[in-house]
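Novice: Here the sequence shown is numbered in UniProt numbering, starting from 1 and rising by one per residue. Just so it is clear, CB atoms sit at the ideal spot from N, CA and C, and this is done for glycine as well. One structure, as structure tokens, below. Some questions next.
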Amino acid sequence: MNEWLDPLLLSRWQFGLTTVYHFLFVPLTIGMALTVAIFQTAWVRTDKAKYLQLTHFFGKIFLINFAMGVVTGIVQEFQFGMNWSDYSRFVGDVFGAPLAFEGILAFFLEATFIGLWIFGWDKLPKKLHLATIWMTVIGSITSAYFILAANAFMQNPIAYTINAEKGRAELTSIGELLTNPIALAAFPHTIFACFMVSAGLIISVAAWHLARNQHFETMRPALKFGMWMMIIAGMGTTLAGDQLSLVMGEVQPMKMAAAEALYHTATGANASFSLFTLGTPDGVHELFSIRIPYLLSFLSTHTFDGTVEGINNLQAQYIATYGPGDYTPTIWITYWAFRWMIALGLLHMLVAVVGLFLTRKGRMPTQKWVWKLAIWSFPASLLAMTVGWVFTEMGRQPWLVFGLLKTQDGVSPGVTGVEILISLIAFTVLYGILAVVEFRLILRAVQRGPDDAPELDEESGDVKHAVTVY
């Protein structure tokens with residue numbers, strides 16, 4: 001019983017729960033902001049009512065999701081003080097800088113222009129109003145960069161000095177911190193993945209209506225847009241992911257080795273990438289696998305004869321550098337999360353390519369399984385990005401800040417397991433309620449479909465009424 005009341009274990013579960021739950025809303029907010037901006041731009045340029053209807057329709061979903069993301073995101077700030085105060089004291093001077101930029105600059109920019117966009121339909125000129133949603137897009141993407149820059153310090157700590165007297169890391173260069181190689185590589189990979197999530201939602205919603213022969217004039221162009229967006233964003237995610245794996249191989253070799261469950265250093269053909277493996281969960285004993293020779297070497301070094309260090313070799317190096325301990329992540333999580341991320345991403349691109357072929361020249365598929373597969377695009381794309389984030393964070397373990405602070409050393413010393421368990425249960429129940437509310441609101445908006453073409457002012461062509469989420 002005592003092990004279930006371990007403050008470290010419960011703190012990790014609580015932070016994992018709140019972080020993953022909040023992360024569900026982040027990619028959709030970023031991707032939907034761009035989607036709405038593109039549809040509104042198409043309306044401003046063409047004056048076609050279908051683009052205005054799509055702007056309002058997906059704008060409602062965007063606003064619902066944004067509001068829920070804000071609510072769940074607030075909890076994240078309290079987590080550092082509640083359960084991870086030692087971490088906060090150690091890294092606060094560094095970690096707090098990009099978070100301050102995110103809150104004061106990016107989020108305020110995003111929130112301000114969202115307000116202008118919501119209430120400015122009948123008050124701002126058409127092009128000026130369009131600029132507000134594009135500023136929202138800039139704000140949301142900028143916000144993501146500052147968060148990734150903060151997280152990159154945990155993966156690859158730079159731009160700091162250790163104050164031995166105060167026992168903490170202190171920032172030495174904000175410019176160097178914001179240009180961390182991990183941040184620069186992770187940013188495009190993450191943003192393109194956000195666009196894939198948004199594309200998945202568009203495909204799912206459009207397919208649901210088209211399968212019922214509803215809203216053909218608006219949902220067919222939305223479906224085509226979503227599929228093209230999935231393909232383009234998917235290619236961007238793949239190319240950016242290749243660059244991220246290259247950087248990861250340089251600064252986080254243990255994470256790369258854990259992604260393949262590679263225990264012994266390998267070179268060239270021996271540095272293969274397994275598409276599927278049967279064996280023990282930790283990857284030590286392999287019964288069967290399907291492998292691509294040279295691929296892991298290429299992903300890690302961009303050469304076919306590059307060397308990829310193994311877990312055992314790195315473990316020995318880390319013991320010599322950091323002292324006794326187990327420096328290996330949970331292999332089965334990193335191994336399968338990495339593969340699910342890749343497999344689901346490629347599957348979505350394939351679905352989009354097939355969808356474009358089946359809907360060419362005005363055609364509509366008659367097979368029910370085609371529509372069902374398309375409808376599953378959104379939950380599967382969201383799962384792909386979620387397991388990618390799990391891989392990123394679990395692959396860093398057992399470190400909170402690599403090489404500087406272990407996870408076990410960042411927990412608040414004065415918090416008991418019972419207290420954390422009570423808050424964990426409370427958060428779980430609360431988030432469960434919020435999940436039901438979010439799902440019902442979005443489902444209602446999706447099932448209702450686009451409204452009739454909004455009423456326009458005859459002289460200016462501006463919309464006569466504002467967007468609402470209900």
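Between P157 and F402, which are expected to be in contact by the criterion C-beta below 8 Å, what is the C-beta distance as a whole number of angstroms?
Specialist: As a working note, residue 157 is residue 157 in the sequence shown. As a working note, residue 402 is residue 402 in the sequence shown. Confirmed, about 6 Å.
Novice: Applying the 10 Å Cβ sphere with the 16-neighbour rule, what's the burial state of V436?
Specialist: Along the sequence shown, one-based indexing puts residue 436 at 436. Its Cβ having fewer than 16 others within 10 Å, V436 is exposed.
Novice: Classify E260: buried if its beta carbon has 16 or more other beta carbons within 10 angstroms, exposed otherwise.
Specialist: Walking along the sequence shown from the start, residue 260 turns up at place 260. The residue in question, E260, is buried, as its Cβ has 16 or more Cβ neighbours within 10 Å.
Novice: Could you tell me whether the region 24-37 touches the region 417-430, where touching means 3 or more Cβ pairs closer than 8 Å?
Specialist: Too few Cβ pairs lie closer than 8 Å, so no.
Novice: Within this structure, are the beta carbons of L223 and T46 separated by less than 8 Å?
Specialist: Counting from 1 along the sequence shown, the entry for residue 223 is found at position 223. Counting from 1 along the sequence shown, the entry for residue 46 is found at position 46. Going by C-beta atoms, L223 is not nearer than 8 Å to T46.
Novice: Any idea if K166 is buried or exposed, counting beta-carbon neighbours within 10 angstroms, 16 or more meaning buried?
Specialist: Locating residue 166 in the sequence shown gives position 166, counting from the first residue. K166 is exposed by the Cβ-count criterion.
Novice: To the nearest angstrom, how far is it from the Cα of F15 to the Cα of R89?
Specialist: In the sequence shown, the residue the question calls residue 15 occupies position 15. In the sequence shown, the residue the question calls residue 89 occupies position 89. For F15 and R89, the distance between alpha carbons rounds to 17 Å.
Novice: Compute the Euclidean distance between the alpha carbons of T142 and Q367, then round it to the nearest angstrom.
Specialist: The count along the sequence shown starts at 1 and reaches residue 142 at position 142. The count along the sequence shown starts at 1 and reaches residue 367 at position 367. The straight-line gap from Cα to Cα measures roughly 42 Å.
Novice: Kindly identify the DSSP beta-bridge partner or partners of residue 476.
Specialist: No answer is possible for residue 476: it lies beyond the span of the chain, which begins at 1 and ends at 470.
Novice: If you follow the alpha helix (DSSP H) that V26 is in, where does it begin and where does it stop?
Specialist: For the purposes of this step, residue 26 is taken as residue 26 along the sequence shown, with counting starting at 1. Note, V26: alpha helix (DSSP H), V26 to T46.
Novice: Within a Cβ cutoff of 6 Å, which residues of the same chain sit near F80, ignoring the five residues on either side of it in sequence?
Specialist: What you label residue 80 is simply residue 80 of the sequence shown in a count that begins at 1. Contacts found: S88.
Novice: Counting only C-beta atoms, is M364 closer than 8 Å to chain C at any point?
Specialist: The displayed structure is made up of one protein chain only, and chain C is not part of it.
Novice: Mind checking whether G417 and P98 have CB atoms under 8 Å apart?
Specialist: In the sequence shown, counting from the first residue as 1, residue 417 sits at position 417. In the sequence shown, counting from the first residue as 1, residue 98 sits at position 98. Not closer than 8 Å, so no.
Novice: To the nearest angstrom, how far is the alpha carbon of L5 from that of R12?
Specialist: Here the question's residue 5 lines up with position 5 in the sequence shown. Here the question's residue 12 lines up with position 12 in the sequence shown. Roughly 12 Å separates the two Cα atoms.
Novice: Work out the CA separation of T55 and K48 for me, nearest whole Å.
Specialist: What you label residue 48 is simply residue 48 of the sequence shown in a count that begins at 1. What you label residue 55 is simply residue 55 of the sequence shown in a count that begins at 1. Near 11 Å, if we compare the C-alpha coordinates of T55 and K48.
Novice: Which whole-angstrom value is the C-beta distance of A233 and F195, which I expect to be below 8 Å?
Specialist: As a position in the sequence shown, residue 233 is number 233, starting the count at 1. As a position in the sequence shown, residue 195 is number 195, starting the count at 1. Indeed, because the Cβ distance is near 4 Å, the residues count as touching under 8 Å.
Novice: Got a sec? Which residues, its chain only, sit under 7 Å from W43 by beta carbon, not counting five neighbours each side?
Specialist: Position 43 of the sequence shown holds residue 43. Closer than 7 Å at Cβ, skipping near neighbours: Y51, L52 and T55.
Novice: Return helix, strand or coil for A207, following the three-state DSSP convention.
Specialist: Residue numbering aside, residue 207 sits at position 207 when the sequence shown is read from its first letter. Helix.
Novice: Are the beta-carbon atoms belonging to M394 and T334 less than 8 Å from one another?
Specialist: Along the sequence shown, read from residue 1 onward, the residue named residue 394 stands at position 394. Along the sequence shown, read from residue 1 onward, the residue named residue 334 stands at position 334. A contact, by the Cβ cut-off of 8 Å.
Novice: What's the C-alpha gap between V36 and D409?
Specialist: Sequence index remark: in the sequence shown, residue 36 carries index 36 (1-based). Sequence index remark: in the sequence shown, residue 409 carries index 409 (1-based). When rounded, the distance between both Cα atoms is 44 Å.
Novice: Look at the Cβ atom of A266, then the Cβ atom of V308, and state whether they are nearer than 8 Å.
Specialist: What you label residue 266 is simply residue 266 of the sequence shown in a count that begins at 1. What you label residue 308 is simply residue 308 of the sequence shown in a count that begins at 1. It is a contact, given that the beta carbons lie within the stated cut-off.
Novice: Let's see if you can read the secondary structure: which residues bound the beta strand (DSSP E) around L400?
Specialist: Indexing the sequence shown from 1 puts residue 400 at position 400. Looking at the DSSP string, the run of the beta strand (DSSP E) that includes L400 is W399 to V401.
Novice: For L405, which beta-bridge partners are listed by DSSP?
Specialist: The residue given as residue 405 occupies position 405 in the sequence shown. The partner list for L405 (beta bridge, DSSP) reads V401.
Novice: Quick one: give me the first and last residue of the alpha helix (DSSP H) that D242 is part of.
Specialist: To locate residue 242, count along the sequence shown from 1; it is residue 242. From DSSP, the alpha helix (DSSP H) with D242 extends over F216 to V251.
Novice: With distances taken Cα to Cα, identify the nearest neighbour of G115 among L17, L171, K127 and A67.
Specialist: Reading the sequence shown from its first residue, position 115 is the one you call residue 115. Cα-wise, what sits closest to G115 is A67.
Novice: Please go through the same chain and pick out, in chain order, the residues whose beta-carbon is closer than 6 Å to the beta-carbon of L405, but skip the five residues on each side of it.
Specialist: Residue mapping note: residue 405 aligns to position 405 of the sequence shown, counting from 1. For L405, where only same-chain residues beyond five positions count, the Cβ hits under 6 Å are F90.
Novice: Under the rule that 16 or more other beta-carbon atoms within 10 Å means buried, what is Q252, buried or exposed?
Specialist: In the sequence shown, counting from the first residue as 1, residue 252 sits at position 252. Flag for Q252 reads buried.
Novice: Taking only runs that begin and end inside the region 359-436, name each unbroken beta strand (DSSP E) of 3 or more residues, in chain order.
Specialist: List check, beta strand (DSSP E) in window: 399-401.
Novice: If you draw a straight line from the C-alpha of E217 to the C-alpha of I138, how long is it?
Specialist: In the sequence shown, residue 217 corresponds to position 217, counting from 1. In the sequence shown, residue 138 corresponds to position 138, counting from 1. Roughly 30 Å between the two C-alpha positions.
Novice: Please classify M1 as buried or exposed, where buried requires at least 16 neighbouring CB atoms within 10 angstroms.
Specialist: For the purposes of this step, residue 1 is taken as the residue at position 1 of the sequence shown. Annotation note: pLDDT 49 at M1 (below 50); position unreliable, no value reported.
Novice: In terms of residue numbering, what span does the alpha helix (DSSP H) encompassing D86 cover?
Specialist: By one-based count along the sequence shown, residue 86 stands at place 86. From DSSP, the alpha helix (DSSP H) with D86 extends over S85 to A100.
Novice: List the endpoints of the continuous alpha helix (DSSP H) containing W13.
Specialist: For the purposes of this step, residue 13 is taken as the residue at position 13 of the sequence shown. P7 to F23 is the span of the alpha helix (DSSP H), which, as asked, contains W13.
Novice: Within its chain, find whatever has a CB closer than 6 Å to the CB of W84; leave out the 5 residues flanking it on each side and keep chain order.
Specialist: As a first step, residue 84 must be located in the sequence shown, where it is residue number 84. Only G410 meet the Cβ criterion.
Novice: So, with DSSP's three-state summary, where would you put A466?
Specialist: In the sequence shown, the residue the question calls residue 466 occupies position 466. In this prediction, A466 scores a pLDDT of 48, lower than 50, which makes its location untrustworthy; the coordinate-derived value is nonetheless stated afterwards. Of the three classes helix, strand and coil, the one that applies to A466 here is coil, per DSSP.
Novice: Name the DSSP bridge partner or partners of V308?
Specialist: Within the sequence shown, residue 308 is the residue found at index 308, counting from 1. V308 pairs with A266.
Novice: Quick one: is T172 buried, meaning 16 or more other Cβ sit within 10 Å of its Cβ, or exposed?
Specialist: To locate residue 172, count along the sequence shown from 1; it is residue 172. Classification of T172: exposed, given that the 10 Å Cβ count is below 16.
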